[in-house]
Every structure is written in C-alpha cells, then in structure tokens.
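Colleague: Numbering (the UniProt record's numbering), first residue to last: 1 to 237.
Shown below is the structure under consideration.
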Amino acid sequence: MISGCPHARSMFTYSMRRGLTHAKLKCLKHLLQVVAIKQLNRDGNQGNKEFLVEVLMLSLLHHQNLVNLVGYCADGEQRLLVYEYMPLGSLEDHLHDLPPDKEPLDWNTRMKIAAGAAKGLEYLHDKAQPPVIYRDFKSSNILLGDDFHPKLSDFGLAKLGPVGDKSHVSTRVMGTYGYCAPEYAMTGQLTVKSDVYSFGVVLLELITGRKAIDSTRPHGEQNLVSWMTTLIHNRLW
Numbered sequence: 001m002i003s004g005c006p007h008a009r010s011m012f013t014y015s016m017r018r019g020l021t022h023a024k025l026k027c028l029k030h031l032l033q034v035v036a037i038k039q040l041n042r043d044g045n046q047g048n049k050e051f052l053v054e055v056l057m058l059s060l061l062h063h064q065n066l067v068n069l070v071g072y073c074a075d076g077e078q079r080l081l082v083y084e085y086m087p088l089g090s091l092e093d094h095l096h097d098l099p100p101d102k103e104p105l106d107w108n109t110r111m112k113i114a115a116g117a118a119k120g121l122e123y124l125h126d127k128a129q130p131p132v133i134y135r136d137f138k139s140s141n142i143l144l145g146d147d148f149h150p151k152l153s154d155f156g157l158a159k160l161g162p163v164g165d166k167s168h169v170s171t172r173v174m175g176t177y178g179y180c181a182p183e184y185a186m187t188g189q190l191t192v193k194s195d196v197y198s199f200g201v202v203l204l205e206l207i208t209g210r211k212a213i214d215s216t217r218p219h220g221e222q223n224l225v226s227w228m229t230t231l232i233h234n235r236l237w
C-alpha cells in the first residue's frame, strides 16, 4: 500500500479522452497493492523526455507481457514512476553472478520467459497501432512476476515505428552496447528488426548463461554475439 509520494504535491494519470490531467495524491492511499517506485535522473532534458515517453507508452499499451504503470508523479524536478511490483526481479538477476546458494533457472523456465518476452514484442510490433519499437530489449528490462511470468519494462527509449510506405525511422542511436543491432548502430535507421536482433542476444544469454558483454572473459569471448558467430563459423556449436 502506498501512503504518499515524497516531495510531490500532485499525481498525474493519462486518459485518451482528457490527456494529461491532475489527480490528487491521496488516491494512492486506496491502492491495496505492493508497488515499485522508480526515481528518474533529474539531470538534463533527456531524462525528462524518457519520463514522458514511458508514461505515454505504458498508458496506451496494455498486454499481459508488458509491465503495468500504476501512476506517476511530476512535481518540480521530481520524476517518479509507480509500477506494479514484480517479486522475482529481472531476468538478469537469475542469469548472471548468482550467489552460491541460488539455483540456476531450469530449461523449461528459460524457454517460458523467452516465449513470454517474444509475445510482448509481437504485441508492440504487430498489434499496436502505430507499431512501437522497444529499442532497449535486454535481460535487465525483462521483469519476472509469480511463477516467472515475464513482462517488458522501461519504455523510456521506445519509438513509434514506420507507417505507410516507410521502411524505417531515422533517429539518434540509443540502446545498450551488446544488444544494439549493428545496422541500426551504423546508420541510425531503426526498424522492428532492431528489436528482433536484441531478442536474439537475450536468447543467447538464456541458452549459454553468458553476459552480452563480459570484460572478464578472454578477448575473443567478451562479446557474446561475436563469440557465438565464431563458434558457428568453425562448426564448434
């Protein structure tokens, strides 16, 4: 249960009919659910832009494999996002740097997470109108609910996809090193295929247990995609 939002005087919600509207903070007192609160970086315009994008995207997009936005707060420089609580953390938490007493995910659970995340992407690419390009698909952005039900989170970098006869959206290259599609990184031309590439990287993480980028490994093994490409080329996989 939330009793309030520190340093904030108002709560905002989104409605397609009325746009951005004020709602009293006291409405949070009646939410009998555990939530997660994310405080965004206050520095620069980029953080504020990502905040607005996330609020609008998650207010318009609804799917069982997308995290639910409960509410948000914009007061002065304060920017808070209130999400449903995902009790099992992120996929990254269950793949990498596990403590000795933590069991690795079994194969069926890994494939269940992959399938659920893929359904989330399918919704963004094929069901949403206009299509949405996630642009930051990675293991740390896949949150896990009860029974390892996966939901995509963190939509601050999401972009509306091309419509009509357009094949791509030209934009500043954003995302996470190791997950970013090479053609997008080189040209700035963004398509839904960029997300598909990132999904492939996460799938490799699930299969191998390795990080997308791991500077602790030998030079030829630090980049997961490059390492796997070499193995396949040499018929070692």
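By construction, the Cβ of each residue, glycine as well, lies at the ideal position given by its N, Cα and C atoms.
In three-state terms, what does DSSP make of Ala118?
Modeller: Helix at Ala118.
Colleague: From the DSSP output, which residues share a beta bridge with Glu84?
Modeller: According to DSSP, Glu84 bridges with Val35.
Colleague: Give me whichever residues DSSP pairs with Gln129 in a beta bridge.
Modeller: Bridge partners of Gln129: none, in fact.
Colleague: State the Cα-Cα distance for the pair residue 263 and Phe199, rounded to the nearest angstrom.
Modeller: The shown model of the chain, from 1 to 237, leaves out residue 263, and the question about it has no answer.
Colleague: When you compare only the Cα positions, how much space is there between Thr171 and Ser153?
Modeller: Their Cα atoms are separated by approximately 21 Å.
Colleague: If you draw a straight line from the C-alpha of Cys27 to the C-alpha of Asn68, how long is it?
Modeller: Since pLDDT at Cys27 reaches only 47, below the 50 mark, its modelled position is unreliable, and the value read off the structure follows with that caveat. Answer to the nearest angstrom: the Cα atoms are 17 Å apart.
Colleague: Using a Cβ-Cβ cut-off of 8 Å (strictly less than) and excluding sequence neighbours within five positions of Met174, which residues of its own chain qualify?
Modeller: Answer for Met174: Arg135, Asp136, Leu157, listed in chain order.
Colleague: Might you give, ordered along the chain, the residues of its own chain that have their beta carbon closer than 8 Å to the beta carbon of Met228, omitting 5 neighbours on each side?
Modeller: Excluding positions up to five away in sequence, the list reads Leu204, Thr208, Trp237.
Colleague: Comparing C-alpha positions only, which one of Phe51, Lys102, Gly116, Tyr123 sits nearest to Leu81?
Modeller: Among Phe51, Lys102, Gly116, Tyr123, the Cα nearest to that of Leu81 belongs to Phe51.
Colleague: Could you please give me the residues that DSSP links to Asn68 through a beta bridge?
Modeller: DSSP output for Asn68 lists no bridge partner at all.
Colleague: What are the complete beta strand (DSSP E) segments, minimum 3 residues, inside the stretch 149-218?
Modeller: The stretch 149-218 contains these whole beta strand (DSSP E) runs: 150-152.
Colleague: Determine whether the beta carbon atoms of Gly145 and Leu88 lie at a separation below 8 Å.
Modeller: Going by C-beta atoms, Gly145 is nearer than 8 Å to Leu88.
Colleague: So, is the C-beta of Ser153 closer than 8 Å to a C-beta in chain C?
Modeller: The structure shown contains no chain C; it is built from a single protein chain.
Colleague: Would you call the stretch 120-134 and the stretch 51-64 touching, i.e. three or more CB-CB distances under 8 Å?
Modeller: Result yes; three or more Cβ-Cβ pairs closer than 8 Å.
Colleague: Does Lys102 pass the burial test, meaning 16 or more other C-beta atoms within 10 Å, or should it be called exposed?
Modeller: So Lys102 counts as exposed.
Colleague: Can you tell me whether Leu66 is buried or exposed? The criterion is at least 16 other CB atoms within 10 Å of its CB, across all chains shown.
Modeller: With 16 or more other Cβ atoms within 10 Å, it is buried.
Colleague: Report the partner residues of Leu143 according to the DSSP bridge assignment.
Modeller: According to DSSP, which records beta bridges pairwise, Leu143 is partnered with Ser90, Lys151.
Colleague: Please list, in chain order, all residues of the same chain as Leu224 whose beta carbon is under 6 Å from its beta carbon, the five residues on each side excluded.
Modeller: Contacts found: Leu204, Arg210, Ala212.
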